[in-house]
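Each remark here refers to the structure printed beneath this line.
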Amino acid sequence: MQQAANDNNPFVFQQWLSANLAEKSLDALAALAIALVGWWLAKWLVRGLDRVLIRFQMDDILRNFLRNVAFAGLMVVVFVAALQQLGIPTTSLLAMLGAAGLAIGLALKDSLSNIASGVMLIMLRPFKAGDSIKVAGQEGVVEQVRIFTTFMRTYQNELIVLPNSEITKSAIVNLTYKPVRRIDIAVGIGYDDRIDKAREVLLQLVASHPSTLKTPEPAVLVTGLGESSVDMALRVWVRTADFGNTRSDLYEGIHREFARAGINIPYPQRDMHVYHHPASATEATAAPPANQV
Numbered sequence: 236m237q238q239a240a241n242d243n244n245p246f247v248f249q250q251w252l253s254a255n256l257a258e259k260s261l262d263a264l265a266a267l268a269i270a271l272v273g274w275w276l277a278k279w280l281v282r283g284l285d286r287v288l289i290r291f292q293m294d295d296i297l298r299n300f301l302r303n304v305a306f307a308g309l310m311v312v313v314f315v316a317a318l319q320q321l322g323i324p325t326t327s328l329l330a331m332l333g334a335a336g337l338a339i340g341l342a343l344k345d346s347l348s349n350i351a352s353g354v355m356l357i358m359l360r361p362f363k364a365g366d367s368i369k370v371a372g373q374e375g376v377v378e379q380v381r382i383f384t385t386f387m388r389t390y391q392n393e394l395i396v397l398p399n400s401e402i403t404k405s406a407i408v409n410l411t412y413k414p415v416r417r418i419d420i421a422v423g424i425g426y427d428d429r430i431d432k433a434r435e436v437l438l439q440l441v442a443s444h445p446s447t448l449k450t451p452e453p454a455v456l457v458t459g460l461g462e463s464s465v466d467m468a469l470r471v472w473v474r475t476a477d478f479g480n481t482r483s484d485l486y487e488g489i490h491r492e493f494a495r496a497g498i499n500i501p502y503p504q505r506d507m508h509v510y511h512h513p514a515s516a517t518e519a520t521a522a523p524p525a526n527q528v
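Going by the working numbering, the sequence shown wraps up at 528, each residue one higher than the last.
Here it is in structure tokens:
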């Protein structure tokens, strides 16, 4: 009877409510304090991480990505700690988050593969913005490397956007990685022409060009005896920036200087003979006149 009276007593209920409200209010204030302090601490740690990454000359794209990932991870820890302070069970929540993360990871496996490939490209740096590369069947100048994709510009000024996973799965040829490159030009001369004379003309042409390098020395080699020509190869080193223009100049110069020196450059020729056979007498008499009925 006394217990029932106490339960129905408004004063007792108010005391219970006040005590619980006070307790919950303290928990809420503590959770808010944890969230604020945790947020401040996460920002402070991320700034410290950023300074370390700058000291190690980390790429800006990767540095920003790592900062965001680190801040998100720290805020998850702060969020869980605040929920625990409120008395909310977090075990089931963490299990749900883990399952959701697994499902999202499976659904976005291609995107995650691109992210991992982007991190590898930024860390290993097989190329950088401004490099000319060949990759995944494409050739052009690298514009920008991002976490998901790489932007390239072709020599025709077309934009190519390549997923980073496609790049890491392919062989990468960096045409501008080294400061100097070798130009290889194949040329043929006739069997009646002198090899030493052709070699002299080629070396004089190389020596007269301002963009060719003296070291390593240029070379002229005989590479084969073809069906109609003696096959030769001119090999000369130039600065990478001068590669395209110098190669064009050398092709033009070879054509001009060989003609001036009387050296023949064989090329396939086709002779066409047209024969007219008159109609036989039998065929002529067999055909009726056009106006005959």
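Beta carbons are placed, not taken as given, at the ideal position from N, Cα and C, and that holds for glycine.
Query                                                                                                              : Result
Per-residue DSSP class, three states only, for Ala317                                                              : helix
Paired residues, beta bridge with Thr384 - DSSP                                                                    : Pro398
Among Pro361, Arg491, Ala305, Val455, nearest to Arg470 - alpha-carbon criterion                                   : Val455
Cα-Cα separation between Ser348 and Ser400, rounded to whole angstroms                                             : 6 Å
Val509 in three-state terms, based on DSSP                                                                         : coil
Contained beta strand (DSSP E) runs [length at least 3] in the segment 403-491, N- to C-terminal order             : 415-424, 454-460, 465-474
Opposing strand residues paired with Gly375 [DSSP bridges]                                                         : Ile368
Candidates Lys363, Ala305, Ser443: closest to Lys535 by CA position                                                : Not covered by the structure: residue 535. The range shown for the chain is 236 to 528.
Contact check, Gly218 vs Ile500, beta carbons under 8 Å                                                            : Outside the shown range of the chain, which is 236 to 528, sits residue 218, and nothing can be said about it.
Rounded distance between the beta-carbons of Tyr426 and Val465, thought under 8 Å                                  : 6 Å
8 Å contact criterion, which Gln373 and Ile395 should meet: CB distance rounded                                    : 5 Å
Stretch pair the segment 309-327 + the segment 283-299: three plus CB contacts closer than 8 Å                     : no
Buried or exposed (CB count within 10 angstroms, at least 16 for buried), Pro445                                   : exposed
CA-to-CA distance, Ala305 to Arg298, given in whole angstroms                                                      : 11 Å
Sub-8 Å separation of Ala371 and Ser346 beta-carbons                                                               : no
The segment 379-392 / the segment 431-449 touching (three or more Cβ pairs under 8 Å)                              : no
Buried or exposed by the 16-neighbour rule on C-beta atoms within 10 Å, applied to Gly497                          : exposed
Pair within 8 Å by beta-carbon distance, Asp366 and Val380                                                         : no
Proximal residues to Leu448 (C-beta, below 8 Å), its chain only, five neighbours per side dropped                  : Val415, Val471, Trp472, Val473, Arg474
With 16 other Cβ atoms within 10 Å as the buried cut-off, status of Tyr510                                         : exposed
Pairwise C-alpha distance: Ala277 and Gln319                                                                       : 18 Å
Helix, strand or coil at Met293 [DSSP, three-state]                                                                : coil
Buried or exposed by the 16-neighbour rule on C-beta atoms within 10 Å, applied to Gly353                          : buried
Outcome for Ala335 when other beta-carbon atoms lying within 10 angstroms are tallied against a minimum of 16      : exposed
Between the CA atoms of Ala307 and Leu271 - distance to the nearest angstrom                                       : 15 Å
Alpha carbon of Phe248 to alpha carbon of Arg302, nearest angstrom                                                 : Because Phe248 carries a pLDDT of 44, less than 50, the predicted location of this residue cannot be relied on, and the following value inherits that uncertainty. Each residue's Cα considered, the two are about 51 Å apart.
Proximity below 8 Å, CB of Val332 to CB of Ile368                                                                  : Rather than Val, the amino acid found at residue 332 in this sequence is Leu. Cβ distance not < 8 Å, so Leu332 and Ile368 don't count as in contact.
Close-in-space but distant-in-sequence residues of the same chain around Gly459 (CB under 6 Å, 5 per side omitted) : Asp466
Residue nearest to Phe493 in terms of C-alpha spacing, selected from Lys432, His512, Gly273                        : Lys432
Heavy atom of the ligand MG within 7 Å of Asp477 beta-carbon                                                       : Of ligands this structure carries none, so the ligand MG is not represented either.
Neighbourhood of Ala240 by C-beta, 7 Å cutoff - its chain only, sequence neighbours within 5 removed               : Note on Ala240: pLDDT 46, under 50, position unreliable in the model; the coordinate value appears next. If we look at Ala240 and ignore the five residues flanking it on each side, it has no Cβ neighbours.
Proximity below 8 Å, CB of Ile420 to CB of Ala468                                                                  : yes
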